[in-house]
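Sequence order for the protein chains is V and X.
So the first sequence is residues 97 to 563, counted in the numbering used here.
So the second sequence is residues 724 to 882, counted in the numbering used here.
Take a look at the structure below.
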Amino acid sequence: MKTLIDRPPTDDGRRDVLARMPRLRRIVLSRAFQPVSMLLLLAPFVLAVVAGLLGTPAGNRNFGIVFVWIVWWAVLMVLLVPGLGRIWCTVCPIPAPGEWIQRRGIMRGGAKLRTGRRWPRRLRNMWVQNAGFLTLALFSTVILTRPSVSAVVLIGLTGTAVAVSLLFEKRTFCRYVCPIGGFIGLYSMVAPIELRVRDPQVCVDHRSKDCITGNEYGYGCPWMVYPGKLDRNLDCGLCTECLRTCTMDNVVINLRRPGADLAKPAPGRRIDEAFKALIMLACSIIYPAVLFGPWATVKEWAAVESFGGWLIYAAAFLAATLVVVPGLFWLAVAWGHKGSGSDLPVRRAFNDYAHALIPLGLAAWIAFSVGFALTNGSYALGTISDPLGWGWDLVGTADVGWTPYLSGAAPTIQAAILLGGLIFGVRTALRIGLRHGPPGPAGLRAAAPVAAFLLAATLLLLWLYLG
Amino acid sequence: MTLPAPAETSRRSMIARRAFLLLLVLFVLLVPIPSFHTPRTHEITIDAAQYEFSPARLNVNRGDTVQVTLVASDVVHGFYLDGYEIDSRVEPGVAEQFTFAADRPGKFRYRCSVACGSLHPFMTGELVVGPNEPFWRAGALALIAVGATLLSVRKRRSA
C-alpha cells in the first residue's frame, strides 16, 4: 500500500466521469442543461424572496429562512461542495437574470456575449469576495433569523449580479464579487471532481480556441478561464460551456483523489486566497461559539439588539478573522520556515500552507451545518405545506412539530468529521512541506508548526461542540 | 538461517506500526474513565427568558440526579435536552418540574423547544455530565492523529 510520500507528486488515478455515463454526458452537453437548471432553481429562489418579504416574520415558519439557511445551506456544505465541488455554481439562480440580460436571451445558440468592460486588474483576486463575505457574516445572526432581512440580502445579491453583468464582461460577478462563490471555489479544491483538459498540448496546438471565443455549440468561457491552463478548481464555475465548445473533445470531467489541488505546486497562489482560507476557518469557530454557545449576551450583540453591543461584536469578529487567526498562523509558518532553512520567502510559504487549512475549515463548516440541520431540519416539513406561514396546509405537513434528529449522536458525528478534517489538513501540510524542500526532515520541520496550529484549531472546535 | 529481505522487513514494520496505532485508538475509545464522585442530587432552578437560560451551563457528574424547576420570566418557552430527549413547556408564572438521572457522560445542549422570537433557534444552554469522556477521547484521538501522521512520514523519510 502506498504511503503519503511514496505517491508521485503529479495527480493520478483520474477517471473521465462522462465517458462512463453516456446519458449524463448527453444532458451535460445539451445547451439547455444550465439554463433549465437555473430556471428550475429560480422558482424556489423567488418563493424564498416572496416569503421573506410577505410571509410570517417567524423564521421557523418561513420558507425564506428554513429553505435557504437550513436546507440549502446544509445541502451545499455537507453534500455539494465536498462531493461535487462547484456544482452549485452550475445551477445557481442568482447570476441568471444578469447573464440572460447580458446575453439578450436565455439560450441563444452561438449568440455572442455582449462585450462589457474588464474587471479592474487590481481587483482580479478574492479581496472583494472576502469583504463581501465578512460584511454578510457580521450580520449573519440577523440574516439567519429575520425573513425580511434574508430576502433583502437575496435581492441585493441578485441586483448586484445584474449590475455587474451590465457593466462588466461575462460572469465577473461570480468570479470576483460573489461572497458565496468565493468560499465554494476555495473548498471545491477538496472535492473529488474536476473539469480539466485531457491533453494540454492539444489546446496549445488548437488555434481557434473555441473554449474562449465560443461557437455554435456554446459560449466562450463565462468565467474567463482558459481550460488549457486550468489546474485547480478555484476559478472554474463548472458551467460546462467548454465541454460543449471544444471541437477537439479534449475537455473532461474527472473523478480524482480528493484534495488533489491543495498540495500541488502552484506559484500563482495569492495572499487573498490564504486570507479566504483563514477567514473561513475563523468563522467556522466563531459561529458555533456565538450561535450554539451559552453566551446570550454575545448572541444579542451579534443580532444587533443594541448598536454598541454590535460594535463590540464587529470589532472582535474582524480582529479574530483578520488579525488574530492570520497572525497566529503567520507565526506558525514563520517558526517552521525558520527551522527548515528553506530559502523560500515566508510570504510564499504563508500562502502555500494556508491551503492546509482548507480541509479542516471545510470539515468545521460541515460539522456546524450537520448540527444545525439535524436540530432544525424538521421545520422544513411545516414550511413545505405553509411556505409563507399564512395557515395553509398544501401537502398535509403544516402541523408537523419541531423534532430534533440524532440529538444524542450529533456531537460524536461532529467530532468524527473534525478529526477527518484534521488528518486531511495535516497530511496536506506535510505534502506542502515536502514539496517546498529542502529535502529530508527539514520539510517536515517546516510543516510541524502548521500541524500544531491545525491541532489547536481542532481542539478548540472539539471544546465548542463537546467540551 | 535466512534474513528477511529489506522490503519484507519494512512491510512487517509497517504492519506492526499500524497494529499498534489501532490498539492505541481502541484503548482511547474503550478504556473506562473512572469517576470518584459520590452520586448526589442537584436541585436546580432554570429560568428561561428571551433568549437565554439561566444558568446557561450546568455541571454534574455521571450518576447524579438532577431535579429541575423550570420557570419562564417573559413568554412561553420550552426546554429540550439533547441526548436525554427530555421535553418540557413552561408558561410564565407556572413552574414546571422534572427529574432525570445524569447517566450519559458528555456535553448536551438544552434548547428552547417553543418558538419564542427571532433568536429562538439559538436559545441554548449546556449540561456537562462529567467526567466528559467524549471530549477527552476526541481530544486524545486528535493528538494521536497528528502524531501518527507526523511519525509515519518521518519514518518513511528516514527509511
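All C-beta atoms, glycine included, are put in the ideal place defined by N, C-alpha and C.
Do F159/V and L143/V have their beta-carbon atoms positioned less than 7 angstroms apart in this structure? yes
Measure from the C-beta of D810/X to each C-beta in chain V and report whether the shortest distance is under 7 angstroms. no
Inspect the CB distances between the segment 120–135 of chain V and the segment 219–228 of chain V and report whether three or more fall short of 8 angstroms. no
Take the Cβ of M846/X as the centre, count every other Cβ of all protein chains shown within 10 Å, and call the residue buried at 16 or more, exposed below. buried
The segment 263–294 of chain V: positions lying closer than 7 angstroms to chain X by Cβ: none
Sufficient close CB pairs (3 or more, under 8 angstroms) joining the segment 376–386 of chain V to the segment 449–467 of chain V: yes
Closer than 7 angstroms, CB to CB, is V522/V near chain X or not? yes
Could you tell me the distance, in whole angstroms, from the CA atom of A862/X to the CA atom of G316/V? For the record, residue 862/X in the displayed sequence is Gly; it is not Ala. Whole-angstrom Cα-Cα distance: 50 angstroms.
Under 7 angstroms from the C-beta of I519/V: neighbouring residues of chain X: A868, T872
In this structure, how does DSSP classify Y313/V when only helix, strand and coil are distinguished? coil
Counting pairs of beta carbons, one from the segment 336–345 of chain V and one from the segment 418–425 of chain V, are three or more of them closer than 8 angstroms? no
Any C-beta of chain X within less than 8 angstroms: which residues of the segment 125–159 of chain V qualify? P153, A154, G155, N156, R157
Hey, is R242/V's beta-carbon within less than 7 angstroms of any beta-carbon in chain X? yes
Express the C-alpha separation of S836/X and F549/V in angstroms, rounding to a whole number. 37 angstroms
Consult DSSP for G231/V and reduce its assignment to one of helix, strand or coil. Going by the sequence as given, residue 231/V is Thr instead of Gly. Of the three classes helix, strand and coil, the one that applies to T231/V here is helix, per DSSP.
Other residues of its chain near I867/X: CB distance less than 8 angstroms, five sequence neighbours each side excluded: L744, L747, V748, V751
Please state whether the Cβ-Cβ distance between F831/X and I809/X is less than 7 angstroms. no
Alpha carbons only, please: which of R523/V, V238/V, M117/V, E265/V is nearest the one belonging to R620/V? Residue 620/V lies beyond the stretch modelled for chain V, which goes from 97 to 563, so this question has no answer here.
Any chain V beta carbon closer than 7 angstroms to R734/X: no
Given T788/X as reference, the closest of V799/X, V798/X, I767/X, A795/X once Cα atoms are compared: I767/X
Taking all protein chains shown into account, do 16 or more other C-beta atoms lie within 10 angstroms of the C-beta of G109/V, making it buried, or fewer, making it exposed? exposed
Looking only at its chain, what residues have a beta carbon closer than 8 angstroms to the beta carbon of L864/X, apart from the 5 residues adjacent to it on each side? V748, V751, L752
Residues of the segment 753–774 of chain X in Cβ contact with chain V at a cutoff of 8 angstroms, in chain order, please. Y774
Where the beta strand (DSSP E) through T933/X begins and ends: Coverage of chain X is limited to positions 724 through 882, which leaves residue 933/X absent and any answer about it impossible.
Of the residues F371/V, A511/V, I289/V, V260/V, the one placed nearest G355/V, counting alpha carbons only: I289/V
Integer-rounded CB distance, given that G324/V should sit under 8 angstroms from C299/V: 3 angstroms
Short-range partners of chain X found in the segment 431–453 of chain V, where Cβ spacing is below 7 angstroms: none
State the CB to CB distance for the pair R182/V and G333/V, rounded to an integer number of angstroms; the pair is presumed to be in contact (CB under 8 angstroms). 6 angstroms
Contact between the segment 477–494 of chain V and the segment 517–525 of chain V is defined here as three or more beta-carbon pairs at a separation below 8 angstroms; is this criterion met? no
Is any beta-carbon of chain A found at less than 7 angstroms from that of S503/V? Chain labels in this structure do not include chain A; the protein chains are V and X.
At 4 residues or longer, what runs of the alpha helix (DSSP H) sit wholly inside the segment 226–302 of chain V? 236–241, 243–263, 275–284, 296–301
Going by Cα to Cα distance, which pick from I161/V, G228/V, I190/V is closest to K372/V? G228/V
When you check each C-beta in the segment 833–857 of chain X against every C-beta of chain V, which residues fall closer than 9 angstroms? R834, S836, V837, A838, G840, S841, L842, H843, P844, F845, M846, T847, G848, E849, V851, N855, P857
Output the residue ranges of the alpha helix (DSSP H) runs that lie fully inside the segment 391–456 of chain V and measure 4 residues or longer, sorted by chain position. 392–398, 403–415, 421–436, 442–449
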